[in-house]
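The numbering of the sequence shown is the numbering used here, which starts it at 142 and goes up by one.
All C-beta atoms, glycine included, are put in the ideal place defined by N, C-alpha and C.
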Amino acid sequence: MNTHNMNPLIPRESLQNTLATWRVKPNKEPAFRGLVWQKIADRKNVTAWPSYLRTHAIPAAGFLALAVVLGAWSGHMQAREQAQQQRDALIIEYVQSLDARAMLVQ
142 MNTHNMNPLI PRESLQNTLA TWRVKPNKEP AFRGLVWQKI ADRKNVTAWP SYLRTHAIPA
202 AGFLALAVVL GAWSGHMQAR EQAQQQRDAL IIEYVQSLDA RAMLVQ
């Protein structure tokens, strides 16, 4: 048995002749080069985030600083409100513990 011929029904010489005469003829796109250069030009205009931040460093730093300040202020206000609520609860509990009427009931 011939190990080089994958399909014994097709003679090897016929396959070789077919492959030797076979030519690929792709369709030619007339505007191919123009489209390639257009894509290259479009890619040059696209900026990535790191390069955008380098070119806009001052506004980006200002925005970041503003976000940090607003976050800190918001956290401070929430902490003040929570501390005030806890202070009010402690005052009420303390006054109730000093109430003579409440001491008699216990």
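Exercise. Does DSSP put E170 in a helix, a strand or coil?
Worked result: Here residue 170 is taken as the residue at index 29 of the sequence shown, counted from 1. In the three-state reduction of the DSSP assignment, E170 falls in the coil class, being assigned neither a helical nor a strand state.
Exercise. If you check the beta carbons only, do A127 and L194 fall under 8 Å apart?
Worked result: With the chain covering 142 to 247 only, the question about residue 127 has no answer from this structure.
Exercise. Which class does P152 belong to by DSSP, given the choice of helix, strand or coil?
Worked result: Taking the first residue of the sequence shown as 1, we reach residue 152 at position 11. P152: coil per DSSP, three-state reduction.
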